[in-house]
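S.K.:
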Amino acid sequence: MQAGVYSTALFEGIGFYLPTLILENVYGADSILNVCNKMNSGIYKINSADEVLKYLKNPENYKPTESDVQLLWSNSDLEEEEKTIKSLMRTRKK
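The opening position of the sequence shown corresponds to residue 214 in my numbering, with each subsequent residue numbered one higher.
Now the structure itself:
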């Protein structure tokens, strides 16, 4: 399991089928969520420690499916993903 806000390392974790928690109401989270919104499983918005505990109890239940991982890494929307990664890089510089 992994948790974060806007790191490109989150994409790597998803590629390794890690359940991914995104702290939703933090600057930069919207960039990651825009790319991952096409996934049906594996990525979850959180806002509290209680929500993290819920996912930690049964992390196997929250893994992304193979089709979701393939969808994330497909070439279908590379232009949009490139914009998002550039946005993430600008966020880190601030």
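Positions of the beta carbon are idealized from the N, C-alpha and C atoms, including for glycine.
State the beta-bridge partners of Ile298 as determined by DSSP.
M.R.: According to DSSP, Ile298 bridges with nothing at all.
S.K.: Should the region 225 to 245 be regarded as contacting the region 261 to 274, the criterion being three or more beta carbon pairs within less than 8 Å?
M.R.: Taking 8 Å as the limit for Cβ pairs, the verdict is that the region 261 to 274 does touch the region 225 to 245.
S.K.: So, for Gly217: in the same chain, excluding its five sequence neighbours on each side, which residues have a beta-carbon less than 6 Å away from its beta-carbon?
M.R.: Leu223
S.K.: What separation, rounded to the nearest whole angstrom, lies between the Cα atoms of Met302 and Ser261?
M.R.: 26 Å
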